[in-house]
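Novice: Encoded as structure tokens, here's the structure I'll be asking about.
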Amino acid sequence: MQDFKEIIKNKNFLYLWSSQILSQLSINIMNFLLLIKLFSETGSTIATSFLWVTWALPAVVIGPFAAASVDIVERRRILIITNLLQALTILFYIFVHQTRIFIIYGIVLIYSFLNQFYVPAESASLPSLVKEKDLPHANGLFLLTQQAALIVGFGIAGILNSLLGFKTSLFICSVAVFLAFISVLFLPKIEVEKIKSKNYEEAFFKFFRRIIEGYTFIKDNKNILIPFFLLMVIQISGAIVTVNSPIIAREIFRININSAGVLLVVPAGIGAALSALIIPKLMKTRYRKKQIIEKSIMLIIFSSLLLIFLVPILEGVLGTFIGILIIIIIGFSFIGILIPAQTYLQEKTPGGMRGRVFGNFWFLVTIATIFPVIFSGTIVELFGIKLLLFLFSMIFLGILIFSRKLGQKYLENGIR
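Spelled out as structure tokens, the structure:
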């Protein structure tokens, strides 16, 4: 606790952390507001799926350039410019949102484009603002903030929309990002460090070279490929569930879509938090990582089937209560897969390759998620959310069968 007190006494860290808190909250509130707005206006899950795709495209197309830019351009300047432009982007949308619903896609594209510069600049600035001994705790606070902002942002977005309305809620987001802009104004100038890549082009190609090296290593090592694939499935599943949360709220829980954040995302977050506390303790006991993963997969399958067949037939408060418990279990199970799989991956990946494997994970996940998200929207549009959830449970059943029959063989020495 004393270590965290030392960090919080660092005013430059507080300026950057305040910017992160305000930015992350705003992003998550805005994303959920736009999601329920789009679904309310169109009733289309394909439309909401393309909202996620629009958000993801800049990460694929611009991400490598943006990541390279933070080693070339002064980082404080990047933070200032991106925060200001993001605040103005939200403000602009407030005045034009009633003209055409599909302007949402343009706003999301611009905001995500700017975010590709903000996020790496924020991460790269941290080591310059805190002492080396405080860096693990600073990174821990940033990671905690990122996860908490997702739960809180999605949780309160619907409440804000119901109480204050769409425009006022967006205005609050714009003000919050503007406050983030003011916060980074107080940061000292953060000069870029001397790096081996002397020019932008070399830094860009270095990024893709590391991706190819990481991909080749993963492909050639089956004991790395299996947990890596499992982590990708978890992240893709999370994205699909998120973009389809309005239809889950309406068709499964039979509640107002403004309540989707409180009754879906928050319980999932509670389950994930409980799992994050319990699973590491289980891993220190006689339970093998493979066992924990398989038990978690079984819980996901069982919970998905309950969502399909039980929750819709239960009336009123009882149905909502049982549904919330099931969502908590699903959140718990997702982390029950993620922590053991990621730990195993860290243990088995040689030190020299960890940066290539983990550093490019989100880039690869983003690319891999685009088509499943669109496909999920099409499935729900044509056949309903129940079929999608059933397909989910069958995919996880397939993974479970594979793990039971062939998993140990591919993991070579096994998961201990």
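Residue numbers (the working numbering): 2 to 417.
In this text, a Cβ means the ideal position worked out from N, Cα and C, and glycines have one as well.
Does the Cβ of residue 351 have 16 or more other Cβ atoms within 10 Å, making it buried, or fewer, making it exposed?
Specialist: What you label residue 351 is simply residue 350 of the sequence shown in a count that begins at 1. Exposed.
Novice: For the alpha helix (DSSP H) containing residue 298, list its first residue and its last residue.
Specialist: As a first step, residue 298 is located in the sequence shown; it is residue number 297 there, counting from the start. Run containing residue 298: 290 to 310, per the alpha helix (DSSP H) assignment.
Novice: Quick one: is residue 295 buried, meaning 16 or more other Cβ sit within 10 Å of its Cβ, or exposed?
Specialist: One-based indexing of the sequence shown puts residue 295 at position 294. Buried, since its Cβ has 16 or more Cβ neighbours within 10 Å.
Novice: For the alpha helix (DSSP H) that contains residue 12, what are its first and last residues?
Specialist: Start at 1 with the first residue of the sequence shown, and residue 12 comes out as number 11. Element bounds for residue 12: 12 to 43.
Novice: Is it buried or exposed for residue 363, if we count other Cβ within 10 angstroms and need 16 for buried?
Specialist: For the purposes of this step, residue 363 is taken as the residue at position 362 of the sequence shown. By the 10 Å Cβ count, residue 363 comes out exposed.
Novice: Out of 398, 409, 14 and 27, which has the shortest C-alpha to C-alpha gap to residue 178?
Specialist: Locating residue 178 in the sequence shown gives position 177, where the first residue counts as 1. Cα-wise, what sits closest to residue 178 is 27.
Novice: In the structure shown, what three-state DSSP assignment does residue 316 receive?
Specialist: To locate residue 316, count along the sequence shown from 1; it is residue 315. Coil at residue 316, not helix or strand.
Novice: Alpha carbons only, please: which of 156, 54, 206 and 251 is nearest the one belonging to residue 313?
Specialist: Along the sequence shown, read from residue 1 onward, the residue named residue 313 stands at position 312. The shortest C-alpha separation from residue 313 is found at 251.
Novice: Could you spell out where the alpha helix (DSSP H) holding residue 228 opens and where it closes?
Specialist: For the purposes of this step, residue 228 is taken as residue 227 along the sequence shown, with counting starting at 1. Unbroken alpha helix (DSSP H) run through residue 228: 223 to 244.
Novice: Could you check if residue 247 is buried or exposed, using at least 16 other CB atoms within 10 Å of its CB as the buried criterion?
Specialist: For the purposes of this step, residue 247 is taken as the residue at position 246 of the sequence shown. So residue 247 ends up on the buried side.
Novice: Please confirm whether residue 30 and residue 149 have their CB atoms less than 8 Å apart.
Specialist: Residue 30 sits at position 29 when you count from the first residue of the sequence shown. Residue 149 sits at position 148 when you count from the first residue of the sequence shown. It is not a contact, given that the beta carbons lie outside the stated cut-off.
Novice: Given that a residue counts as buried once 16 or more other Cβ atoms are within 10 Å of its Cβ, and exposed if not, what is residue 290?
Specialist: Translated into the one-based positions of the sequence shown, residue 290 becomes position 289. Buried.
Novice: Between which residues of its own chain and residue 15 is the CB-CB distance below 7 Å, once the five residues before and five after are set aside?
Specialist: The count along the sequence shown starts at 1 and reaches residue 15 at position 14. These residues qualify, in order along the chain: 9.
Novice: Taking contact to mean 3 or more Cβ pairs, one atom from each stretch, closer than 8 Å, check whether the region 221 to 237 and the region 384 to 392 are in contact.
Specialist: Output reads no: the region 384 to 392 does not touch the region 221 to 237.
Novice: Is it right to say residue 197 is buried, meaning 16 or more other beta carbons lie within 10 angstroms of its own, or is it exposed?
Specialist: As a first step, residue 197 must be located in the sequence shown, where it is residue number 196. Confidence at residue 197 is low in this model, with a pLDDT of 47, below 50, so its placement is unreliable and the value that follows should be read with caution. Exposed: under 16 other Cβ atoms inside 10 Å.
Novice: Can the beta-carbon of residue 143 be found closer than 8 Å to that of residue 239?
Specialist: What you label residue 143 is simply residue 142 of the sequence shown in a count that begins at 1. What you label residue 239 is simply residue 238 of the sequence shown in a count that begins at 1. Going by C-beta atoms, residue 143 is not nearer than 8 Å to residue 239.
Novice: Specify the secondary structure class of residue 267 as computed by DSSP and reduced to three states.
Specialist: Taking the first residue of the sequence shown as 1, we reach residue 267 at position 266. Three-state result, residue 267: helix.
Novice: Is residue 46 closer than 8 Å to residue 262 when the C-beta atoms are compared?
Specialist: The sequence position of residue 262 within the sequence shown is 261, counting from 1. The sequence position of residue 46 within the sequence shown is 45, counting from 1. Going by C-beta atoms, residue 262 is not nearer than 8 Å to residue 46.
Novice: Excluding the five sequence neighbours on either side, which residues of its own chain have a C-beta within less than 6 Å of the C-beta of residue 305, listed in chain order?
Specialist: As a working note, residue 305 is residue 304 in the sequence shown. So the qualifying residues of the chain are 390, 393 and 394.
Novice: Once you ignore the five residues that flank residue 48 on each side, which residues in its own chain have a CB closer than 6 Å to its CB?
Specialist: As a working mapping, residue 48 is identified with position 47 in the sequence shown. Hits under 6 Å: 39.
Novice: Determine the extent of the alpha helix (DSSP H) in which residue 54 is found, giving its start and end residues.
Specialist: As a first step, residue 54 must be located in the sequence shown, where it is residue number 53. Unbroken alpha helix (DSSP H) run through residue 54: 46 to 62.
Novice: When we look at the beta-carbon of residue 126 and count the other beta-carbons within 10 Å, is it buried (16 or more) or exposed?
Specialist: Counting from one through the sequence shown, the residue named residue 126 turns up at place 125. By the neighbour-count rule (16 or more Cβ atoms within 10 Å), residue 126 is buried.
Novice: State buried or exposed for residue 310, treating a residue as buried only when at least 16 other CB atoms are found within 10 Å of its CB.
Specialist: Position 309 of the sequence shown, counting from 1, holds the residue named residue 310. Classification of residue 310: exposed, given that the 10 Å Cβ count is below 16.
Novice: Cβ atoms of residue 321 and residue 254: under 8 Å apart, would you say?
Specialist: Locating residue 254 in the sequence shown gives position 253, where the first residue counts as 1. Locating residue 321 in the sequence shown gives position 320, where the first residue counts as 1. Yes.
Novice: Keeping to the same chain, check which residues put their C-beta closer than 7 Å to that of residue 368; ignore five residues upstream and five downstream.
Specialist: Here residue 368 is taken as the residue at index 367 of the sequence shown, counted from 1. Closer than 7 Å at Cβ, skipping near neighbours: 61.
Novice: Would you kindly report the start and end of the unbroken alpha helix (DSSP H) that includes residue 373?
Specialist: For the purposes of this step, residue 373 is taken as residue 372 along the sequence shown, with counting starting at 1. Element bounds for residue 373: 362 to 384.
Novice: Would residue 272 and residue 152 qualify as a contact pair, given that the criterion is a beta-carbon distance under 8 Å?
Specialist: Residue 272 sits at position 271 when you count from the first residue of the sequence shown. Residue 152 sits at position 151 when you count from the first residue of the sequence shown. Against a cut-off of 8 Å, the Cβ pair of residue 152 and residue 272 comes out as no contact.
Novice: Do the region 398 to 409 and the region 75 to 88 meet, that is, are 3 or more Cβ pairs less than 8 Å apart?
Specialist: The region 398 to 409 is not in contact with the region 75 to 88.
Novice: Flag this pair as yes or no: are the beta carbons of residue 35 and residue 109 separated by less than 8 Å?
Specialist: On the sequence shown, residue 35 is found 34 positions in, with the first residue counted as 1. On the sequence shown, residue 109 is found 108 positions in, with the first residue counted as 1. Contact flag set, yes.
Novice: If you run the structure through DSSP and keep just helix, strand and coil, what is residue 188?
Specialist: Translated into the one-based positions of the sequence shown, residue 188 becomes position 187. Coil, per DSSP.
Novice: DSSP state of residue 251, grouped into three classes?
Specialist: Numbered from 1 along the sequence shown, position 250 holds the residue referred to as residue 251. Residue 251 falls in the helix class under three-state DSSP.
Novice: Mapping DSSP to helix, strand and coil, what is residue 257?
Specialist: Position 256 of the sequence shown, counted from the first residue, corresponds to residue 257. Correct three-state label for residue 257: coil.
Novice: Using C-beta distances below 7 Å, list every residue in its chain close to residue 331, excluding the 5 sequence neighbours before and after it, in chain order.
Specialist: Reading the sequence shown from its first residue, position 330 is the one you call residue 331. Same-chain partners within the cutoff: 269, 272, 301 and 304.
Novice: Could you say which of 22, 175 and 259 lies nearest to residue 90 if we only look at CA atoms?
Specialist: Walking along the sequence shown from the start, residue 90 turns up at place 89. Answer by Cα proximity: 175.
Novice: Secondary structure at residue 9, three-state DSSP: helix, strand or coil?
Specialist: Counting from one through the sequence shown, the residue named residue 9 turns up at place 8. It is helical.
Novice: How big is the Cα-Cα spacing for residue 190 and residue 12?
Specialist: Translated into positions along the sequence shown, residue 190 becomes position 189. Translated into positions along the sequence shown, residue 12 becomes position 11. Spanning the two alpha carbons is a distance of roughly 14 Å.
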